[in-house]
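Visitor: Sharing a structure here in C-alpha cells format.
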Amino acid sequence: MSTEQSSALDPVCGMTVDPGNPRRHTHEAKEYFFCSDRCLARFRAEPGLHLGAQRPEPAATPGASWTCPMDPEIVREDPGSCPICGMALESMAPTGSAENPELSDMSRRFWVSLAFTVPLFLLAMGEMIAHGLLPAQLSPRAFVWLQFALAAPVVLYGGAPFFARGVASLRTGHLNMFTLIAIGTGAAFFYSTVAALVPEWFPAGFRHANGAVAVYFEAAAVIVTLVLLGQLLELRARARTGAAIRGLLELAPTTARRIDPTGAEMDVALDEVGVGDRVRIRPGEKVPVDGRVVTGESAVDEAMITGEPLPALKSVGSEVRAGTVNGTGSLVVEAESVGAATLLSRIVRMVAEAQRSRAPIQRFADRVAGGFVPAVLAAAALTAVVWAVYGPEPRFAHAWIQAVAVLIIACPCALGLATPMSILVATGKGATAGVLFRDAEAIEVLREVDTLVIDKTGTLTEGKPRLVRVLAAEGRDEREVLALAGSLERASEHPLAAAIVTGAEDRGIPQTDVSDFEALPGLGVRGRVSGHSVAIGSEIFLESLGIASPPSSSELSELRAQAQTVMCVAIDGAFAGLLCVADPIKESAPGVLEDLRREGLRIVMLTGDSRATAEAVASRLGLDEVVAECLPDQKAATVRRLQEEGRIVAMAGDGVNDAPALASAQVGIAMGTGTDVAMESAGVTLVGGDLRGILRARRLSRATMRNVRQNLFFAFLYNAVGVPVAAGVLYPAFGWLLSPMLAAAAMSLSSISVIANALRLRSAKI
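When the letters of the sequence shown are read in order and numbered with the numbering used here, they come out as residues 1 to 766.
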C-alpha cells in the first residue's frame, strides 16, 4: 500500500482511514478512501457537499499520532502547532496522565508576564501615579525605557508562541487568530520601541501637544498577558473534559497475576499478558483482561459496564470484563482480549475519537472563519486610512492605535471555540452517564430523529431465554417434571436447553446423570434419567413417539401468543407437562418507549423472529408497527425505505445481524452488551444496554446543540459589535475610543464566556 493511501483522510468525517481496511470510491476520475461503509454511502449520495466542505489536503504522515482539536484532519507523527489554526496538537492515543506540557508552559509564561505587566500597567495609568512611584529625578526618556524594560520580557518571552504561530499562519496562508494577535501586539511593541530609540524620526502628526511621541508598551504587554490567560483557561477546560477518559483508564489495573504452564504465579506488567494466558484475580482486585472464568466462583462488581449496583455472580464459563472489581472469591480467568482489544479500551477510544470529531454545524463556523481574518485585516487597514485622513491630532497615532484595537478585538477565539468546547464537554458528560458518542455528528443529528427502528432480541428483550413456567399434567409434580427434564437437557447444546437447566438450578432442583441420550434436530431430545424414559420436544415429536393426551392446539397457541416457546415433556411414554421459555422484556423498555412516544417519535420494532412472537412482544409494549422475520439486508432495506419517506431514522440494535441497519441509519444506537460489530457500526453506544440511555442521549443532544447555538450567537454578536466600536464609530457622537488594552480584555472575556457556557453542560439534567 502506498504512503498516499495509508495517510488518506475520509472526506466525510475527516478521520484517517485505516490502511488495512479502506473503502475505495472513484469520483470524477479521482480515487477517495473511506473509513466505513456509512461514510462511503453518504459520499455517494452527496459528493459535492463533502468535497465542498474539505480543507486543503493536509500533509499527514504514516503512523501519525498527534492531531489538532480544532482541525482533526491535521495528523502528525510529532507534537507541535496546527498549520491551520495554530493550536497545539493533541495526542490521538488516550492517556491517563493529567499532565499537559502546553498547559504547564502557558501557565509559566502567564505568571512571568503578569509579574511584569502589573507594574507596567500602573506606570502607564497617568503621570500622577507614575510620578508618585518613581524618583523625582527620573527623566521622561528614562521613564519610557523603564516601560520598555518591563514590556520586553512579556512580549518577547510570554508572547513568543503567538508570534511563532502567527508567522507560520502567514507562511502557510492559513490566517487565524494568532495572525491577528501577532500583527496587533507586534505592531504596538515595534512602534513603541522605535519611538523610544529615535523619537526624532517621527513627524508632528505622531506627537502630543508637549512634543512627546506616545508609546504603547503597556498595551502590547496587557494584550499578551490577557491572551495567555485565555489560553490558560482554555487548556484547563480541555484538561477537565479529559477527566472522563482518565477516569475510565484508571479503572484498569497496571499489573496482572499470570499463571504459567507449570502452575507458578507471578505479578507481571499488564502489557506482558497475551491472549490465552491465565490470570488469577484475588478478592478485591480489578479484572485486568476480558475473558472467561476457568476456575472459581465470586461476585463481581460490574457497575462500570452495566450500571447495576448489585454484583453479578461469576462461575466457570462466565464472561468477565477488564476494569470490573472482584468480590470475596478467587477467580482464574483465561484472557480472550487484552490491552487495546478490551471493552474498556474500546470505550476509551470511542470517547477520545468523539471528543476530536466535528459536528456538521462546525462547517458553517469554519466557512465564516475562513474569510474572517482577511476581512479583519481589511477593516484594520480601512480604519487606519480613515483616522489618518479625517481623525483629530495626532492623526497618525490615532490611526495606528485604533487599527491595532481592531486587530485585537476581532481575534476569532470565541468563534473557534464555540462548537468544539461544547462537543468536548458533552462527550465527557455522556461517557459518565453510560452513553458513548462515536462522533460529533451523532450528537447533532440525534435530536432531529423522528423515527426509531428498534431490534427486539437483546434490545427490547434481555436476549437471554429463561424458563418462565412449568405446567405439570394432572397427577404430576412440577418439581419432578423439571428435575427429570433439567437432567436430560444437561446433555443438549441447544440454547433453550441451557434455559431449562438454569431454571432447574435456580429453583434448587437436583439433577442426575443421563444415559442413552439422543438429539433429533428440529424435533427434540430423549434419554433415560433415574430409570425413567424422558422425551422433550414439540407436540409433533411426542405424537411421533405415540404419546397420547398432549395439550390442545388452542392452549399451545395461547401460550405462544404470550411470546413463550413451549416444549412438551413425556415421562415413561405419557404426557407429563409443558416447559415455557421466554426472552423477558427489559424492565426499562415499556417506560422508555412511552417517553419516546410522548416526544413524538414513531417507533418501529424490527426482528428476525417469527411474526407470532414479534407481535406478542409488540402487544405487551404497546407498539403498532412490527416488521418480523427479517434478514440483515432486509433490516437495512427497511431503514432505507423509511428514509425515502423523508424520515430521520435512528436504529437501535445489538447483534451482528443489526450492523447493516445501524450503518444505514442517520444515527445507529448499539447496546454495549451486544456484539463488537454492532458497536463499530453505530454512532452511539449504550454501555450497559439500558434503553434509558436513548432518552439520556437525546436530551444531551438537545442540550449540546442549544449550547452550541448560544456560543455561536454570542461569538458573532461580539464581533459584529466589537469591530465597529474598536474602529471608532462611536467617537464622532460620544468621543469614545476603545484602547487596545480594553480590546484585549474584551476578546479574552468573549472566549471565557464561551468556555464557561460550554462547561454548563456538565450539570445538564439528562
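C-beta: ideal position from N, C-alpha, C; glycine also.
What does the alpha-carbon distance come out to for the pair A219 and E31?
Guide: Roughly 52 Å between the two C-alpha positions.
Visitor: Apply the 10 Å Cβ neighbour rule to A483 and answer buried if 16 or more other Cβ atoms are within range, or exposed otherwise.
Guide: buried
Visitor: Report the three-state DSSP secondary structure of S318 (helix, strand or coil).
Guide: coil
Visitor: Can you grab the Cα-Cα spacing for the pair I755 / V316, in whole Å?
Guide: 50 Å
Visitor: According to the Cβ coordinates, are I181 and V227 closer than 7 Å?
Guide: yes
Visitor: Is E645 helix, strand or coil when you go by DSSP?
Guide: coil
Visitor: Tell me which residue opens and which closes the alpha helix (DSSP H) that R699 is part of.
Guide: R692 to A727
Visitor: Alpha helix (DSSP H) containing R165: first to last residue?
Guide: A160 to T172
Visitor: For the beta strand (DSSP E) that V626 lies in, which residues bound it at each end?
Guide: That run of the beta strand (DSSP E) goes E625 to V627.
Visitor: Take T254 and list the residues in its own chain whose beta-carbon comes closer than 8 Å to its own, dropping the five residues that flank it on each side.
Guide: A269 and L270
Visitor: Provide the residue span of the alpha helix (DSSP H) that contains E615, from first to last.
Guide: Run containing E615: R611 to L621, per the alpha helix (DSSP H) assignment.
Visitor: Taking its Cβ as the centre, do 16 or more other Cβ atoms sit within 10 Å of A59, making it buried, or is it exposed?
Guide: Since pLDDT at A59 reaches only 37, below the 50 mark, its modelled position is unreliable, and no value is offered.
Visitor: If you draw a straight line from the C-alpha of L520 to the C-alpha of D506, how long is it?
Guide: Per the coordinates, the alpha-carbon of L520 lies some 27 Å from the alpha-carbon of D506.
Visitor: Can you give me the start and stop residues for the alpha helix (DSSP H) that I443 sits inside?
Guide: Residues A440 to L446.
Visitor: Tell whether a beta-carbon distance below 7 Å holds between D301 and R321.
Guide: no
Visitor: Tell me the residue span of the alpha helix (DSSP H) that contains A589.
Guide: Counting along the chain, the unbroken alpha helix (DSSP H) around A589 starts and ends at A589 to R598.
Visitor: State yes or no: is the C-beta of L695 within less than 7 Å of the C-beta of D583?
Guide: no
Visitor: Let me make sure I understand the geometry here. Which of T451, A574, A497 and V470 has the alpha-carbon closest to that of K464?
Guide: For K464, the closest alpha carbon among the candidates T451, A574, A497 and V470 is that of A497.
Visitor: Does any residue of chain C have a CB that is nearer than 7 Å to the CB of G296?
Guide: The displayed structure is made up of one protein chain only, and chain C is not part of it.
Visitor: Straight-line CA distance for S515 to S337?
Guide: 38 Å
Visitor: Let me make sure I understand the geometry here. Which of L331, A636, V566 and G339 has the alpha-carbon closest to that of V453?
Guide: A636
Visitor: Please report the Cβ distance between L114 and L235, rounded to the nearest whole angstrom; I am assuming they are in contact, meaning their Cβ atoms lie under 8 Å.
Guide: Going by Cβ atoms, the distance from L114 to L235 rounds to 16 Å, so no, they are not a contact pair.
Visitor: Is it buried or exposed for G735, if we count other Cβ within 10 angstroms and need 16 for buried?
Guide: exposed
Visitor: Can you round the beta-carbon distance between E334 and R278 to whole angstroms, since I take them to be within the 8 Å contact cut?
Guide: 5 Å
Visitor: With distance defined between alpha-carbon atoms, name the residue in R641, S422, Q511 and E539 nearest to V529.
Guide: Minimum Cα distance to V529 is reached at Q511.
Visitor: Considering Cα atoms alone, identify which of F162, L542, V167 and L197 is closest to F143.
Guide: L197
Visitor: Can you tell me whether V617 is buried or exposed? The criterion is at least 16 other CB atoms within 10 Å of its CB, across all chains shown.
Guide: buried
Visitor: Look at the alpha carbon of G284 and the alpha carbon of H532, and state the distance between them as a whole number of angstroms.
Guide: 46 Å
Visitor: Can you tell me whether DSSP reads R469 as helix, strand or coil?
Guide: In this structure, R469 counts as strand in the three-state DSSP scheme.
Visitor: Compute the distance between the beta-carbons of E448 and I648, then report whether it is under 7 Å.
Guide: Yes; because the gap between Cβ atoms is below 7 Å, this pair is in contact.
Visitor: Can you tell me the Cα-Cα spacing of V592 and A548, whole angstroms?
Guide: 46 Å
Visitor: Where do the N-terminal and C-terminal ends of the alpha helix (DSSP H) with V481 fall, by residue?
Guide: Bounds of the alpha helix (DSSP H) holding V481 are E478 to E489.
Visitor: By a C-beta neighbour count over all protein chains shown, 10 Å radius and 16 as the cutoff for buried, is F43 buried or exposed?
Guide: Buried is the call here.
Visitor: Give the DSSP-derived three-state secondary structure of D658 in the structure shown.
Guide: helix
Visitor: Buried or exposed: which applies to D439, given that a residue is buried once 16 or more other Cβ atoms fall within 10 Å of its Cβ?
Guide: buried
Visitor: Mapping the DSSP letters down to three states, classify R640 as helix, strand or coil.
Guide: helix
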